[in-house]
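**Student:**
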Amino acid sequence: MSDGYDTTKADFAYFKKRVTIWLKWIGLLKWNIHFDCAQIHDGEAETNIDVPGLTATFRLSSHIDGYDCFTKAQIDSAAEHEIWHLLIAKLQFLANERFGVTPELVEETVEEIVNQLTTLTIRGKKKSARR
């Protein structure tokens, strides 16, 4: 079993490139975007989002437990996954403001939607590659 993978400067640069491409493609251009590479204890990447301030920090983990390597395809998937979180961040923010809705339920629902969006785009990429 591997102790994990330490991400490289090249991994981080590629992550930033992919996030930036997704931001432009989806049209999320009003946001103030920052990038960071630091230890994340649960996952490959995360995004800290401040909806009222329209600010988001995309973070790539500096160490990923259980990985021997971190391929470009995996970095692409991590970047895309985080972009979907940004896309629905305002909805999540507003839902969390409602009485009677627990933050855990909102987070669970958001994660479900993000995973569905990621799966859809992966399928679309595979179809495009076959053409």
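Following the numbering used here from start to finish, the sequence shown increments by one per residue and tops out at 133.
Quick reminder that beta carbons are idealized off the backbone N, C-alpha and C, glycines included.
(1) Opposite Leu-62 in the DSSP bridges: which residues?
(2) Taking the alpha helix (DSSP H) that Ile-85 falls in, what are its first and last residues?
(3) Quick check on the burial criterion: 16 or more other C-beta atoms within 10 angstroms. Buried or exposed for Leu-96?
(4) Quick check on DSSP: helix, strand or coil for Thr-22?
(5) Residues in its own chain within less than 8 Å of Glu-84 by CB, not counting five upstream and five downstream?
(6) Using a Cβ-Cβ cutoff of less than 8 Å, which residues in the same chain neighbour Asp-78 once the five nearest sequence positions on both sides are dropped?
(7) Could you tell me which residues DSSP puts in a beta bridge with Asp-52?
(8) Whole angstroms is fine: what's the gap from Phe-101's alpha carbon to Gln-94's?
(9) Taking all protein chains shown into account, do 16 or more other C-beta atoms lie within 10 angstroms of the C-beta of Leu-62, making it buried, or fewer, making it exposed?
(10) When we look at the beta-carbon of Leu-122 and count the other beta-carbons within 10 Å, is it buried (16 or more) or exposed?
**Tutor:** Quick answer:
(1) Residue 62 sits at position 60 when you count from the first residue of the sequence shown. In the DSSP assignment, Leu-62 is bridged to Cys-39, Ala-47.
(2) In the sequence shown, residue 85 corresponds to position 83, counting from 1. According to the DSSP assignment, Ile-85 belongs to the alpha helix (DSSP H) that extends over 74 to 89.
(3) Residue 96 sits at position 94 when you count from the first residue of the sequence shown. Taking all protein chains in view, the Cβ of Leu-96 is surrounded by fewer than 16 other Cβ atoms within 10 Å, so the residue is classified as exposed.
(4) Here residue 22 refers to the residue found at position 20 when the sequence shown is read from its first residue. Thr-22 falls in the helix class under three-state DSSP.
(5) Working through the sequence shown from its first residue, we reach residue 84 at position 82. Answer for Glu-84: Val-21, Ala-47, Glu-48, Thr-49, Phe-60, listed in chain order.
(6) Here the question's residue 78 lines up with position 76 in the sequence shown. Only Arg-20 meet the Cβ criterion.
(7) Against the sequence shown, residue 52 aligns to sequence position 50. For Asp-52, the pairing in a beta bridge is given by DSSP as Thr-57.
(8) Indexing the sequence shown from 1 puts residue 101 at position 99. Indexing the sequence shown from 1 puts residue 94 at position 92. Across the structure, Phe-101 and Gln-94 are spaced so that their CA atoms are roughly 13 Å apart.
(9) As a working mapping, residue 62 is identified with position 60 in the sequence shown. Result: buried.
(10) Taking the first residue of the sequence shown as position 1, residue 122 is located at position 120. Exposed, by the Cβ-count rule.
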